[in-house]
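Q: Residue numbering for the sequence shown is -20 to -1, 1 to 269, as defined by mature numbering (1 follows the signal peptide of the UniProt record, and there is no 0). Could you have a look at this structure, given as structure tokens, before my questions?
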Amino acid sequence: MGRSMVSAVILAICCAMAQAYPVIIEIPESTEKCINFNIPEDDDAHMAFFAMATPIDENSDIDWTPKARKIEDYFVGAMDKLTAVRADDDRTMPTKFPDSTPQEISDLVDEFLADVGGNKDTDCRVSITNPETFDRLTKNLRYYELLVINHVRESARRHPGTDESSPLAGYTLCFQNDHEQEEIFVMMETVVVSEEKEDHSKAKTNKKVFKKEHLTPLAEELSESLEAAQTVLHEMKYMEKREARMRITSDSVNSRVQYLSYNSIAVLLGVTYIQVTYLKRYFRKKKLL
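Next up, the structure:
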């Protein structure tokens, strides 16, 4: 089984919600494709998936390619409207498209399903994994059926309601196509919702509890800086006291040295006077003077 890795980073900064143009991922037969995506700290995400058939089918009639393109164009617009509805109304992402599918598109979908025996199963599944806790959520994809996963962070937990920090490596989204002959096209849309929009809904279920792991790197650096500043102040006070003590000791030693020096000079002068007096008497006795 072949395996390929595609990396994508989904970020939302200083905004209530972020939405992007739907992404279409091609998943060849007997292949797994994975996407790495990040959810900002204390935020959550809603994801929508829509499985479509390959636009080119060698076993079908020659007219299927433009039909598949027409279906794809319609549902790309429908997916964009789906996120727009979510953006205008502060709810979870709807599990159905906001508009009814036109009859022409429905007929084309029915034509495809009839061509595959009426079976909507794609043999393709999507898995969302948290690499920090290894919690995994797996869902099966069906042809032309919308799959919506609201609150990805909560849905991917084994124990809902528990708090945890965002994994530094982000979440892993994998598509596994077990079909040996058909490739699958999956349209994906993600809406990242910030804490500002979700606070009121979370307050209904559990009280927000801030733990040590919720500190941002900036807050951690600030805490370390404060600790370092306290250490520096403590060292400065210690050095000040030590300097005062050394000054007293130095003054005491200097006074003692000064006293000893004066005594040494006095002794030297006394010895010199005694020697001179003795020599004068000696020379007089010898009548040398």
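Just so you know, even glycine gets a beta-carbon here, dropped at the ideal spot from N, CA and C. Values in this document were obtained by computation on a predicted structure and should not be read as measured data.
Less than 8 Å separating the beta-carbons of Met167 and Met32?
A: Yes, they are a contact pair.
Q: Any idea if Tyr124 is buried or exposed, counting beta-carbon neighbours within 10 angstroms, 16 or more meaning buried?
A: Its Cβ being crowded by 16 or more others within 10 Å, Tyr124 is buried.
Q: Buried or exposed for Phe17, going by 16 or more other Cβ atoms inside 10 Å?
A: Looking at its Cβ environment, which holds 16 or more other Cβ atoms inside 10 Å, Phe17 is buried.
Q: Between Ala25 and Thr170, how many whole angstroms is the CB-CB distance? I'm expecting something under 8 Å.
A: Correct: roughly 6 Å between the Cβ atoms.
Q: Between the segment 127 to 134 and the segment 83 to 95, do three or more beta carbon pairs fall short of 8 Å?
A: Touching, no.
Q: Let's see if you can read the secondary structure: which residues bound the beta strand (DSSP E) around Leu127?
A: Leu127 -> beta strand (DSSP E) spans 126 to 129.
Q: For Glu9, which residues from the same chain have a beta carbon less than 7 Å from its beta carbon, with the 5 sequence-adjacent residues on both sides left out?
A: Here the set comprises Asn157, His159, Glu160, Gln161, Glu162, Glu163.
Q: How is His26 classed by DSSP in three states: helix, strand or coil?
A: Three-state result, His26: strand.
Q: Check whether the Cβ atoms of Phe155 and Val106 sit closer than 8 Å, and answer yes or no.
A: A contact, by the Cβ cut-off of 8 Å.
Q: Under three-state DSSP, which class holds Lys221?
A: In this structure, Lys221 counts as helix in the three-state DSSP scheme.
Q: By DSSP, does Lys47 sit in helix, in strand, or in coil?
A: If DSSP states are grouped into helix, strand and coil, Lys47 belongs with the helices.
Q: Just curious, the alpha helix (DSSP H) that Ser86 is in, first and last residue?
A: Per DSSP, Ser86 belongs to the alpha helix (DSSP H) from 83 to 95.
Q: Is it buried or exposed, Asn110, if we count other Cβ atoms within 10 angstroms and call 16 or more buried?
A: Buried, since its Cβ has 16 or more Cβ neighbours within 10 Å.
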